[in-house]
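**Q** Structure in C-alpha cells, see below.
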Amino acid sequence: MSIHKPFDPDRPLFSSRCSCGMHASAAEHEAAKLQKINEEQESANFIEASLVKALFPQEARRRAFLRAVGTGGAMGALSGFLPVGALQAMAQEKAPLEKRDLKIGFIAITCATPLIMADPLGFYKKQGLNVTLNKTAGWALIRDKMLSKEHDASHFLSPMPIAMSMGLGSDPSQMRVATIQNTNGQAITLANKHKDKRDPKMWKGMKFAVPFEYSMHNFLLRYYVAQAGLDPDKDIQIRVTPPPEMVANLRAGNIDGFLGPDPFNQRAVYDEVGFITILTKDIWDGHPCCAFGTSEEFIRKNPNTFAALYRAVINASTMARNPENRPLIAKVISPQNYLNQPETVVMQVLTGKFADGLGNVQNVPDRIDFNPIPWYSMATWMLTQMQRWGYVKGDVNYKDISEKVFLLTDARKYMQETNAPITAQAKASTGNPKFKIMGREFDPATAAAYSKSFAISKT
C-alpha cells in the first residue's frame, strides 16, 4: 500500500487552476479525486475482510463462504444482518471539526501500533487533526488522565473502559470503545532458569506480572493456569507491573514470568533473560488486546472530531494489517519518542519471524494483527471473567453493559452522533460472534451459565 502525502493546511490555494481551487492543475485535481476513490475502496475492502474473518475464523469455512457468495458478493451477503453500510460511512464521511488540537495517551507497546504510526505517517494531519501523543507510564495513569480530561482520547486495555464505566477501581465514567487496536500480540514469557518448567502444572508458587487487573493479560493468564488445575489466587502470585518494567523485574528475579504485551516478550529474549513459552494466540486465536476509545461526553461534544479520529485510526489499521508494510511500520514506531526499542525487536514482533529464546526461529505471521471490529461478544467474555474472579459481584447484565461500551453494539446512537446514515442493517445488527478459547466455545447467549461453569473460580 502506498503512503500518500498528508494534507498540509498551509498549502497555497490555486483557485484559478482547478475546479475546486485546491490543486495546481486540473491533472492534479483528477489525481487527488482518484486517490480519494482508491482510499474509500481500500477502507470498504478492509471492513469487508475484517467482518468475514471475524465471522468465519477458520480458513476453510471462510473460503467456502466466499465461494458461495462469489467474488464481490460478501458485502451483499453480510449487509443483511450487519451494519456494513454504517461502518463504511463512518470510515469515509467528513464534517467540520469541533476541536483540532487533541491529546491522546498511549503506553509504549506494539498493541498501540495504529495510534502511534498515525502520527509520523500523517494519518491525523490528513484528517485535519493536530494530535499530541502523550507517552504514559502505566495503565492506572492512563485511566486517571482520561477521568481528569487531561487526555481527549486514549489507548486502553480493552477491559478498562468496561471497568471505568462500571466504577470498578475508580469513580464511574461512561467510556466508549471505538476500535480494537490489536488482536493477539501477547505471550507468556518465563525466566531462563525455568526452561524445564514449560508445563503450567509446574508453576505452583511462581510469581507472574500482568500490566493491570482489568486487562486481557490478567484474564488470559488466569484462564490458562486454571485450565492446568491451578488456582491463580492461591497457587501462583500475580503482580501488577507496568510493561516497561517487566523485563527488568524478570532479570532481577522479582518475578518468574509475565503475561505481557509486546515488544517486551521479545525484548526479554533479545536481552537473553527469558524465553517465550506460549503466544496468547495459542490460547485464543484472534483475541482482543488493546482498544482505542474516549468518553461518551467527548463524543457527544465533538462528534465530527471523533469521526475524524476514527478515520485516522481505521486507515492506520488498514495499513498495519498488510504484512508488506510491517518493516516500514517497525522503523517509524521504534524511535525513542514512541516505543524506544531496538528496531530488530519490533520487527520480529510485527513480522512474526522471531527467536523464541529456546533456540528456535518461529514464523507466525499473525503473532499480532490489527482487526479493529469491537464485537460486543468480546466485551461479554471479559465480563464473564470479571465475574468469575470476583471483580464483579452478583448478576451481570452482559448485553446492556457491552452495548453501552463497545460502539458496534450502539450502532444507531454512534451513527447519529457522527452524522452518518443509519441503515436498517445497523438497526438490526447483533455483532455477537462466538469464539473458542483453548478449544472451548464461548457463546455470548449463554454467558451467565458459562461464567459459573468453571471448576476453579470465585463464583
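Mind the numbering: the sequence shown is residues 228 to 686 in this note's numbering, read in order. Cβ coordinates follow ideal geometry from the N, Cα and C atoms, glycine included. Predicted model, so just to flag it, every value in this text is computed and none were measured.
Does the segment 500 to 513 come close enough to the segment 439 to 454 that 3 or more CB-CB pairs lie under 8 Å?
**A** Yes, the segment 439 to 454 touches the segment 500 to 513.
**Q** Measure the C-alpha to C-alpha separation of Gln614 and Gly355 and round it to an integer number of angstroms.
**A** Locating residue 614 in the sequence shown gives position 387, counting from the first residue. Locating residue 355 in the sequence shown gives position 128, counting from the first residue. Going by the C-alpha atoms only, they are around 42 Å apart.
**Q** Does Pro341 come out as helix, strand or coil in the three-state DSSP assignment?
**A** Mapped onto the sequence shown, residue 341 falls at position 114. Reduced to three states, the DSSP call for Pro341 is helix.
**Q** Distance check for Pro530 and Gln643, CA to CA, integer angstroms please.
**A** For the purposes of this step, residue 643 is taken as residue 416 along the sequence shown, with counting starting at 1. For the purposes of this step, residue 530 is taken as residue 303 along the sequence shown, with counting starting at 1. With a pLDDT of 40 at Gln643, under the threshold of 50, the modelled position of that residue is not reliable, and the figure given next carries that caveat. C-alpha separation (whole angstroms): 9 Å.
**Q** In angstroms, rounded to a whole number, what distance separates the CA positions of Met391 and Ala582?
**A** What you label residue 391 is simply residue 164 of the sequence shown in a count that begins at 1. What you label residue 582 is simply residue 355 of the sequence shown in a count that begins at 1. Roughly 37 Å between the two C-alpha positions.
**Q** Using the DSSP secondary-structure output, state which residues sit across from His378 in a beta bridge.
**A** One-based indexing of the sequence shown puts residue 378 at position 151. Paired residues: none, contrary to the question.
**Q** In chain order, what residues of the same chain have a beta carbon less than 6 Å from the beta carbon of Pro236, not counting five sequence neighbours either side?
**A** Translated into the one-based positions of the sequence shown, residue 236 becomes position 9. Low per-residue confidence applies at Pro236: pLDDT is 34, beneath 50, and the placement is therefore not dependable, though the value from the model is reported in the following sentence. So no residue of the chain qualifies.
**Q** Leaving out the 5 sequence neighbours to the left and right, which residues in its chain are closer than 6 Å to Arg548 when beta-carbon positions are compared?
**A** The residue you call residue 548 lines up with position 321 of the sequence shown. So the qualifying residues of the chain are Phe597.
**Q** With distance defined between alpha-carbon atoms, name the residue in Ser678, Ile336, Phe350 nearest to Phe573.
**A** For this step, residue 573 is matched to residue 346 along the sequence shown. The question names Phe, but residue 573 in the sequence shown is Val. It is Ile336 whose Cα lies nearest to the Cα of Val573.
**Q** Residue range of the beta strand (DSSP E) that Asp328 falls in?
**A** For the purposes of this step, residue 328 is taken as residue 101 along the sequence shown, with counting starting at 1. Taken as a continuous stretch (DSSP letters only), the beta strand (DSSP E) holding Asp328 covers 328 to 333.
**Q** Give the straight-line distance between the Cα atoms of Pro592 and Ala675, rounded to the nearest whole angstrom.
**A** What you label residue 592 is simply residue 365 of the sequence shown in a count that begins at 1. What you label residue 675 is simply residue 448 of the sequence shown in a count that begins at 1. Distance between the alpha carbons of Pro592 and Ala675 is about 35 Å.
**Q** Report buried or exposed for Leu536, applying the criterion of at least 16 other Cβ atoms within 10 angstroms of its Cβ.
**A** The residue labelled residue 536 in the question sits at position 309 within the sequence shown. With 16 or more Cβ atoms within 10 Å of its Cβ, Leu536 is classed as buried.
**Q** In this structure, what does DSSP give as the bridge partners for Arg403?
**A** Looking up residue 403 in the sequence shown gives position 176. Looking at the DSSP assignment, Arg403 forms a beta bridge with Thr521.
**Q** So what does DSSP say about Arg538, is it helix, strand or coil?
**A** For this step, residue 538 is matched to residue 311 along the sequence shown. In this structure, Arg538 counts as helix in the three-state DSSP scheme.
**Q** So, for Pro671: in the same chain, excluding its five sequence neighbours on each side, which residues have a beta-carbon less than 6 Å away from its beta-carbon?
**A** Position 444 of the sequence shown, counted from the first residue, corresponds to residue 671. Correct list, in chain order: Ser604, Thr607, Asn659.
**Q** Put Lys663 into one of helix, strand or coil per three-state DSSP.
**A** For the purposes of this step, residue 663 is identified with residue 436 of the sequence shown, where counting begins at 1. Residue state, collapsed to three classes: strand.
**Q** Does Val588 pass the burial test, meaning 16 or more other C-beta atoms within 10 Å, or should it be called exposed?
**A** The count along the sequence shown starts at 1 and reaches residue 588 at position 361. The residue is exposed, with fewer than 16 neighbouring Cβ atoms inside 10 Å.
**Q** Measure the CB-CB distance between Gly412 and Pro488 and report whether it falls below 8 Å.
**A** Taking the first residue of the sequence shown as 1, we reach residue 412 at position 185. Taking the first residue of the sequence shown as 1, we reach residue 488 at position 261. Closer than 8 Å, so yes.
**Q** Have a look at the DSSP bridge pairing and note the partners of Thr607.
**A** For this step, residue 607 is matched to residue 380 along the sequence shown. According to DSSP, which records beta bridges pairwise, Thr607 is partnered with nothing at all.
**Q** Assign Arg594 to one of three DSSP states: helix, strand, or coil.
**A** Walking along the sequence shown from the start, residue 594 turns up at place 367. Arg594 falls in the coil class under three-state DSSP.
**Q** Terminal residues of the continuous beta strand (DSSP E) containing Gly502?
**A** Counting from 1 along the sequence shown, the entry for residue 502 is found at position 275. As written in the sequence, residue 502 is Phe, which differs from the Gly given in the question. Its beta strand (DSSP E) spans residues 501 to 506.
**Q** Specify whether the segment 457 to 472 and the segment 425 to 439 touch according to this definition: at least 3 beta carbon pairs, one from each stretch, less than 8 Å apart.
**A** Because the criterion of three Cβ pairs below 8 Å is met, the segment 457 to 472 and the segment 425 to 439 touch.
**Q** Check whether the Cβ atoms of Ala539 and Phe350 lie closer than 8 Å to each other.
**A** Taking the first residue of the sequence shown as 1, we reach residue 539 at position 312. Taking the first residue of the sequence shown as 1, we reach residue 350 at position 123. In contact: Ala539 and Phe350 (Cβ atoms closer than 8 Å).
**Q** For Asn492, which three-state DSSP category applies?
**A** As a first step, residue 492 is located in the sequence shown; it is residue number 265 there, counting from the start. The answer is helix: DSSP assigns Asn492 an H, G or I state.
**Q** Just mark Ser680 as buried or exposed, buried being the case when its beta carbon has 16 or more other beta carbons within 10 Å.
**A** In the sequence shown, residue 680 corresponds to position 453, counting from 1. By the 10 Å Cβ count, Ser680 comes out exposed.
**Q** If you count every other CB in all the chains shown that lies within 10 Å of the CB of Arg494, and 16 or more means buried, which is it?
**A** Against the sequence shown, residue 494 aligns to sequence position 267. Under this definition Arg494 is a buried residue.
**Q** Determine which residues share a DSSP beta bridge with Lys688 and list them.
**A** The structure shown does not extend to residue 688, since the chain spans only 228 to 686, so no value can be given for it.
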